[in-house]
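Single-structure report; data block below.
Laid out in structure tokens, this is it:
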């Protein structure tokens, strides 16, 4: 891997480095370690957010078990300066804050002390078997990682955690578990905030660094970034060959997030992407190894997802929905099956639904009249109109399929 960022130190010292104005959405990729020949470097997103509660030790263990090159974490600072691992800006979505600290559901997660954070359950939202999972400390990621599966450290929303770059750099330099991973080239730092990335580059120029953005900027902007980062990452849904070529022309590797289906993985590999971050690293790694990503799936899969229908997405009878199909040779009772999206919204299948070979079932988020080939959840909108990633689970909690549009 090429480390170009030392150039920024001289530029900063001379006062000649100017940050371009168009960097509000710089994206994540990874640039340390190598995969198999012609295979991308694989990174488990938030550990393995598709199969365990994100940014928890359980997710880190799934990321490690997958055989991925890295698992990714999001680091922020508590009110009393402790580096903890959490993605969102508030605790509302993934913890039991409403029960533990009523009225603080929408407070900044960084307004909680470390002791308060440790009182929250960060696993139950994903499933009962994860009840009691705690919000981890930064060092917990190093404890789970190995010299085979390292850590992608995203500095999350640094404006809310002043001084976080120095905290992370100090941990990587001084804590033995992190030192071992750094020596094995199994630590990379990523971030959307260009100013934060420049600060980190000055503190730890030897650590591979990646700039994140939602889309690929101009060639001139990418060239400027190459002074302080080693790779560039972006949302795969907006990526085209011209964008990949612009990144490569600047001497940087390119990574993409969040790739959650085999078809999406094949697409980005065809574009020449070197680094892939996904919520389901176990399944994607199985595919890369030539194995069935979903052994024992019995043939039921997600055929399509209609996220943005004409009219209101929540209209009764005709709103947004997904379609299940049975491609197997035998009838399958899909009662209790459920689909989870990337934000942890869930669509269920009711009791009494048996899919015959070749049959389909439409599963709606809103209300309607249940029938042999349609089931209505009676709730609000679930699916993201800009594209979504879905996982299909059996009633017993077995992952059967993933789908992305």
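In the numbering used here, the protein residues as written are 15 to 419. Cβ coordinates follow ideal geometry from the N, Cα and C atoms, glycine included.
Between the segment 297-314 and the segment 324-337 there are fewer than three C-beta pairs closer than 8 angstroms, too few to call the two in contact. The count of Cβ pairs closer than 8 angstroms, one atom from the segment 175-194 and one from the segment 222-230, stays below three, leaving the stretches out of contact.
A Cβ-Cβ contact shorter than 7 angstroms links residue 131 with residue 98. The C-alpha of residue 94 lies about 7 angstroms from the C-alpha of residue 128. For residue 280 and residue 270, the gap between their C-alpha atoms comes out near 12 angstroms. Three or more pairs of CB atoms, one per stretch, sit closer than 8 angstroms, so the segment 176-186 contacts the segment 210-219. Counting every other CB atom within 10 Å of its CB across the protein chains shown gives residue 164 a total of 16 or more, marking it as buried. By the Cβ neighbour-count rule, residue 368 is exposed, with fewer than 16 other Cβ atoms within 10 Å of its own. With 16 or more other Cβ atoms from the protein chains shown falling within 10 Å of its own Cβ, residue 312 counts as buried. Under the DSSP definition of a beta bridge, residue 407 partners with 352 and 413. For residue 318, the uninterrupted beta strand (DSSP E) segment begins and ends at 314-320. By alpha-carbon distance to residue 407, the top candidate from 400, 244 and 363 is 363. By the CB criterion at 7 angstroms, residue 401 and residue 384 fall outside the cutoff. Non-local beta-carbon contacts of residue 389 in its own chain, meaning distances under 6 angstroms to residues more than five positions away in sequence, involve 363, 364 and 377 in chain order. Per DSSP, residue 224 is one residue of the beta strand (DSSP E) stretching across 223-227. Assignment of alpha helix (DSSP H) within the segment 149-179, counting only whole runs of 4 or more residues, yields 152-158 in chain order.
Take the alpha-carbon of residue 84 and the one of residue 276: they are about 19 angstroms apart. Rounded to the nearest whole angstrom, the CA to CA distance from residue 387 to residue 417 is 20 angstroms.
7 angstroms or more divides the Cβ of residue 348 from the Cβ of residue 374. Minimum Cα-Cα distance from residue 409 among the listed residues 366, 328, 382 and 351 corresponds to 351. Residue 405 has its alpha-carbon roughly 17 angstroms from the corresponding atom of residue 391. When secondary structure is reduced to three states using DSSP, residue 255 falls in the helix class. Between the alpha carbons of residue 173 and residue 80 lies a gap of roughly 33 angstroms. Within the segment 277-311, complete alpha helix (DSSP H) segments of at least 4 residues are found at 295-302, given in chain order. In the three-state reduction of the DSSP assignment, residue 187 falls in the helix class. DSSP, reduced to helix, strand and coil, places residue 74 within a helical segment of the structure shown.
Excluding residues up to 5 positions away in sequence, 186 lie with their Cβ nearer than 6 angstroms to the Cβ of residue 196 in the same chain. When secondary structure is reduced to three states using DSSP, residue 65 falls in the coil class, being assigned neither helix nor strand. Between the beta-carbon of residue 274 and that of residue 103 there is about 23 angstroms, and that puts the pair past the 8 angstroms contact cut. Put simply, the backbone Cα of residue 106 is about 43 angstroms away from that of residue 343. Within 10 angstroms of the beta-carbon of residue 175 lie 16 or more other beta-carbons, which makes it buried. By the neighbour-count criterion, in which a residue is buried when 16 or more other Cβ atoms sit within 10 angstroms of its Cβ, residue 158 is buried. In this structure, DSSP gives residue 242 a state outside helix and strand, which the three-state scheme calls coil. The Cβ atoms of residue 261 and residue 296 do not sit closer than 7 angstroms to each other. Beyond the five residues adjoining it in sequence on each side, residue 207 comes within less than 6 angstroms, by CB distance, of 172 in the same chain, given in chain order. Secondary structure of residue 118 (DSSP, three-state): coil.
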